[in-house]
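J.:
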Amino acid sequence: QMNGSSRSSGNGNTIEHSDPLKFTLEMRLSLNFVLISLTRVYYAAVYIIAVRYSGTIIKLLLVLSSFISYS
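So that you can map any letter, position 15 of the sequence shown is 15 in the working numbering, and since no number is skipped, the others follow by simple counting.
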């Protein structure tokens, strides 16, 4: 009876050592969420940089292609 009462007293925020699988699952879910948001920010930054410096990037690509064709 003691075990049941102590188990039910947990309010969700406390990490229970008896259920490590659930804890790791929540950790993985949060890590996935963080990674997804980071990749979104990264792609947005790359997109903004590409749009802002598209002219210079095209010039660099043209220069590189001319170098490659000459060599």
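Quick reminder that beta carbons are idealized off the backbone N, C-alpha and C, glycines included.
All values derive from a computational prediction rather than experimental measurement.
Kindly indicate which three-state DSSP category residue 43 falls into: helix, strand or coil?
T.: Helix, per DSSP.
J.: What residue range is occupied by the uninterrupted alpha helix (DSSP H) comprising residue 70?
T.: Where residue 70 is concerned, the enclosing alpha helix (DSSP H) stretches over 54-70.
J.: Is it right to say residue 4 is buried, meaning 16 or more other beta carbons lie within 10 angstroms of its own, or is it exposed?
T.: Any reading at residue 4 must be qualified, since the residue scores a pLDDT of 46, below 50, and its modelled position is unreliable; no value is offered.
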